[in-house]
Every structure is written in C-alpha cells, then in structure tokens.
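In what follows, a single structure is set out as structure tokens and then discussed.
Protein chains: 2
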Amino acid sequence: MPTVGEHHIVKSYDEQLKRLHDAISRMGGLAERQLELSMKAVETRDDTLAGEVVASDAAIDADEHFVNEQTVRLLALRAPVADDLRTVIASLKIAADLERIADHAANNAKRTLVLNQTAPLAPVRTLLRMGRLVQELLAQVLAAYLQHDAAQALAVRARDQEVDALYSSLFREILTYMMEDPRTITACSHLMFMAKNIERIGDHATNIAEMSYFLITGQSLADQRPKGDRSNTEGLAP
Amino acid sequence: MPTVGEHHIVKSYDEQLKRLHDAISRMGGLAERQLELSMKAVETRDDTLAGEVVASDAAIDADEHFVNEQTVRLLALRAPVADDLRTVIASLKIAADLERIADHAANNAKRTLVLNQTAPLAPVRTLLRMGRLVQELLAQVLAAYLQHDAAQALAVRARDQEVDALYSSLFREILTYMMEDPRTITACSHLMFMAKNIERIGDHATNIAEMSYFLITGQSLADQRPKGDRSNTEGLAP
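Pasting the structure below:
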C-alpha cells in the first residue's frame, strides 16, 4: 500500500501527464481551427476573418511554450521511462509541428489580404481543394493520436503523396496563369507561397502521424517516406 | 570511492553524452558545408556540384536519426537532470534545426538545375549576398554552441532581422524582374523559393541561438523575437 505521501506523488505525476496531453489536444483543436478559418478567409475573400486568424496565432505559441516547460519539468522531476517517456518525447515533437501548422495558416491569412486587392484568380479553386484535403488529413491524424490508433496514423502518412501531387500540379497551373497574364504576377507569387504553406502543413501532419505511431507502438518509422512532389524541378528540360 | 561497476557506469554515461555532442558537432559541420556548396553551385552555375549536394542530404538525416535514438536511450537509462538534461533536450532540438538547414540547402541545389537552363538572372546577386550573410550567422551560432558562448548566441539572434530585411527587398526585386520580362517567370519563381529557403535557414540559426542560450544559461528566451520580414504583405496597398 502506498503511504499518503506516495499516493500524492503518483497522483500529481498522472496529473502532470494529463495536463501535457490536454495541452496537445487543445493545440490540435486550435491548429485545425486556424487552418479552417484561413481557408474560409481565402474562399470568401474576407479581410476581417483573415485578420482574426493572424491575431489568434499567439495563443498556440503560448501553448507550445507551456508544453516545452512542462516537458523539461517532467523529465527532470519524474524521470519517466517506457510509455511515459515516449509520451513526453512525442508531446514535445507534436507540439512543435502543431505550432508550425498554425504558423503556416496565419501566414496564408496574411497573404489573403494581398489576394483580396485584385480580381479573383482561377487557381485559387485548386488551392481550396488542396486545403480541404490537408484539413481532412489533419483531423484524421489528430484522431489517430487521441485514440491511439496506429493503423490510422499509417493511413494518414500514406496520403501525403496526394498532397504533394496536388501541389506540383497547382505550381504548374500558377506558372501558366502568370505567363498568360503578367499583371497577376504579384498576387500569383503570394498564391505560390500559400500553396507551399499548405503542402508544408501536409508534411507536419505526416510528422505527427510518425510520432503518433512511435508513441503507440514504440517503433520508429525510419524508412524514407514516399514523395510525390515534383515541383522543385518544374521547368527543367527532360 | 566508486566501485569498478559504478565507475564503468559513470564513464559510459559521459561517453554517451560525448557521442551526442559529437553527433551535433558533425551535423553542424555537414549543414555548413551543404549550405556553402549549394551557394557555390548557384554562383558558378554548376549542375554537377548541385547534384552532389542533393545526393549528400541522406548523411545528415542519418545523423539526426542517431541523435533521436540516443536521446531517448539517455533519458530512459540515465534520467539526466540539470545541465545534462538541458544538453539532451537542446541536442534533440538543435539536431532537428540542422537537418532542416541541410534540407533547405539541398532544395536550393535542386532548383539551381532549373536556373541553369536559362540565362543568368540579375537578382541572383542579391541571393548570393543573402547566402553569405546566413553562412556567417550559421558559423557564428555553431561556434556559440560549441564554445558555450551565451553572448555570441544572443548576437546571432539579433541579426536575423538583417536576413529578413534582405529577403523582403529580394522578394520585391524578383517581382519587378518578372514583370519586366515575363519569359523569366519560371526561373524567377524558383528563385523566390530559394530566397525563402535561405530566409528559413536564418530562422533555424536563430532557433539554434535560442536553444544554445537555454543550454548555457538555463533561461529560455520567451519574449517575441524581432521580425524584419515584410514580404508577406508585399503588394498590399497602404
């Protein structure tokens, strides 16, 4: 039987782990919402909404800071092993990915303000499609993390190729659009970076899938992930 | 007096920490070299050299994987505290930043292949200048990390604004160049992403500066870092 003191320590340790889990869960919700609202601001050409997304970025930064502090405290005071150690390491990495996802969403919101200064651009339709795909992958990977579902984590990871393929095709579409109407060069340049941001969000969702898999199974996915992005050499003669 | 067994454990622990430090130091050297060679490939329009940079990216990925494994092993078996815990956490984060730096350099090398298909672009000169600045910051931050020099880490962090300002100005220069000669749109689009990659390398150098400061002093730099990049809203009417 534990003494009252030991029981208190154990309870407090569990509480600390729970607070870490809750912080990741909250960050996941915030990142999803920031991505959703940033895409809605693009679709509806809404400057006010875009401004709100930019202003909300600080909340998730504060959460990541909390996770970092809490992680160091847990490691120093509790010396976790096995499952608990994996939880702490995975939390640290997943928090960094979620912060980056929100950062990319906020950056897209900022660039929306430039897009809204000119007439609508046709390739925005493809960007919205890419946004929907990545929103779906982010929702799935967060569910895999929260429900400890290794199979779903692997499924998300496998679908990053779809994002990369869509990004490559959008990159070509934007290039063609600019060439046909050079007056759209400024807006289209921002659109290119917005597409890249969404592609990066897909990469971060893949990172979270890999960390979730490690967290659940204790195995790391060391093999190279499949890549479908060919945009880096677009314009290269065969 | 420690027994032979205890002495063996202590020695092995120190060796594990040293191997972690050596891996970071090696990764730092590789990242610096990849950045240097990628910029040289741009300057000399050397496809072969660019190809070598792309091919060398796997080595630093393997090093990061080693650091991740070694970190989890150290935390699980040694339960480090205080300075040692900070070393382990900082190593994990710095390894991730160095891997990203090498990744951005390899991406620039890939895009160099596209640039070399067309006539030289004037804004490349500004890109080279930005590259030299970031190479200098990376060398300084690695020295700050290796020599435990908190003041130098802070100095590197303060100079990220110079990178951001140069990036904003280069972004405008590339936009203007494309508008004046729409035939350069494809090459200039790659040049924009190359500039962004170098700006991101500057951000990672800043992250390493902040982690080094945390490692040396035990204090985290929680306040917002200064930002000098205005390119996100370039083209926005005042």
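Line by line, the protein sequences are chains A and B.
Quick note, the first sequence lines up with residues 14 to 251 if you use my numbering.
Quick note, the second sequence lines up with residues 14 to 251 if you use my numbering.
All C-beta atoms, glycine included, are put in the ideal place defined by N, C-alpha and C.
Assigned secondary structure, residue i (DSSP; H/G/I helix, E/B strand, else coil)
i: Gln160(B); result: coil
i: Asp216(B); result: helix
i: Leu234(A); result: coil
i: Pro195(A); result: helix
i: Arg243(B); result: coil
i: Ala103(B); result: helix
i: Val94(A); result: coil
i: Leu126(A); result: helix
i: Gly248(B); result: coil
i: Phe206(A); result: helix
i: Arg172(B); result: coil
i: Ile221(A); result: helix
i: Asn120(B); result: helix
i: Thr16(B); result: Low confidence applies to Thr16(B): its pLDDT is 44, below 50, so where it sits in the model is not reliable enough to give any reading.
i: His21(B); result: Summary for His21(B): the model assigns pLDDT 49, below 50, so the residue's position carries little reliability; its value from the coordinates is reported in the next sentence. If DSSP states are grouped into helix, strand and coil, His21(B) belongs with the helices.
i: Asp27(B); result: helix
Closest by C-alpha distance to residue i, when choosing among the options
i: Phe79(B); options: Arg46(B), Val101(B) and Ala135(B); result: Val101(B)
i: Thr199(B); options: Asp116(A), Met191(A) and Glu223(A); result: Met191(A)
i: Ile221(A); options: Asp173(A), Leu179(A) and Val137(A); result: Asp173(A)
i: Asp74(A); options: Ala119(A), Ala171(A), Asp162(A) and Leu98(A); result: Ala119(A)
i: Gly248(B); options: Arg196(B), Leu87(B) and Thr189(B); result: Thr189(B)
i: Ser225(A); options: Glu149(A), Thr246(A), Ala171(A) and Lys106(A); result: Lys106(A)
i: Phe184(B); options: Leu30(B), Pro136(B) and Gln130(B); result: Pro136(B)
i: Phe227(A); options: Pro195(A), Leu204(A), Leu90(A) and Ala157(A); result: Ala157(A)
i: Gly144(B); options: Thr230(B), Arg39(B) and Glu212(B); result: Glu212(B)
i: Ala168(B); options: Arg58(B), Tyr180(B), Leu155(B) and Gln130(B); result: Leu155(B)
i: Arg124(A); options: Asp162(A), Ser51(A) and Ala115(A); result: Ser51(A)
i: Leu150(A); options: Val127(A), Cys201(A), Ile214(A) and Thr57(A); result: Ile214(A)
i: His203(A); options: Arg243(B), Asp27(B), Glu77(B) and Ala92(B); result: Arg243(B)
i: Thr131(B); options: Glu223(B), Leu234(B), Cys201(B) and Ala36(B); result: Cys201(B)
i: Ala178(A); options: Glu193(A), Leu159(A) and Leu140(A); result: Leu140(A)
i: Ile114(B); options: Leu159(B), Ala71(B) and Leu30(B); result: Ala71(B)
i: Val176(A); options: Arg196(A), Thr219(A), Asn81(A) and Leu159(A); result: Thr219(A)
i: Leu43(A); options: Arg58(A), Ala63(A), Asp76(A) and Thr61(A); result: Asp76(A)
i: Ala36(A); options: Asp194(A), Glu186(A) and Thr84(A); result: Thr84(A)
i: Ser25(A); options: Glu45(A), Glu65(A) and Leu90(A); result: Leu90(A)
i: Arg86(B); options: Ala95(A), Val66(A), Ser104(A) and Ser181(A); result: Ala95(A)
i: His161(A); options: Asp194(A), Ala103(A) and Asn129(A); result: Ala103(A)
i: His117(A); options: Leu128(A), Asn210(A) and Gln232(A); result: Asn210(A)
i: Thr246(B); options: Leu128(A), Thr246(A) and Arg138(A); result: Leu128(A)
i: Phe206(B); options: Glu28(B), Val66(B) and Ile187(B); result: Ile187(B)
Range of the contiguous alpha helix (DSSP H) that encloses residue i
i: Leu134(A); result: Note, Leu134(A): premise wrong, no alpha helix (DSSP H); not H, not E.
i: Ala68(B); result: Asp60 to Ala68
Integer-rounded CB distance, given that residue j should sit under 8 Å from residue i
i: His217(A); j: Asp110(A); result: 4 Å
i: Gln153(B); j: Gln165(B); result: 6 Å
i: Thr230(A); j: Ala171(A); result: So it is not a contact: roughly 16 Å between Cβ atoms.
i: Leu88(B); j: Leu48(A); result: Contact doesn't hold; Cβ gap of about 32 Å is too wide.
i: Ala122(A); j: Met40(A); result: Ala122(A) to Met40(A), Cβ: 18 Å. No contact.
i: Thr57(B); j: Leu134(B); result: Not confirmed; about 15 Å, so no contact.
i: Ala54(B); j: Leu62(B); result: 4 Å
i: Asp60(A); j: Leu126(A); result: 6 Å
i: Ala92(B); j: Ala92(A); result: 3 Å
i: Leu159(A); j: Ser233(A); result: Contact flag wrong, Cβ pair sits at about 20 Å.
Any non-hydrogen atom of the ligand GDP within 7 Å of residue i CB
i: Gln153(A); result: Looking for the ligand GDP in the displayed structure turns up nothing, as the structure carries no ligands at all.
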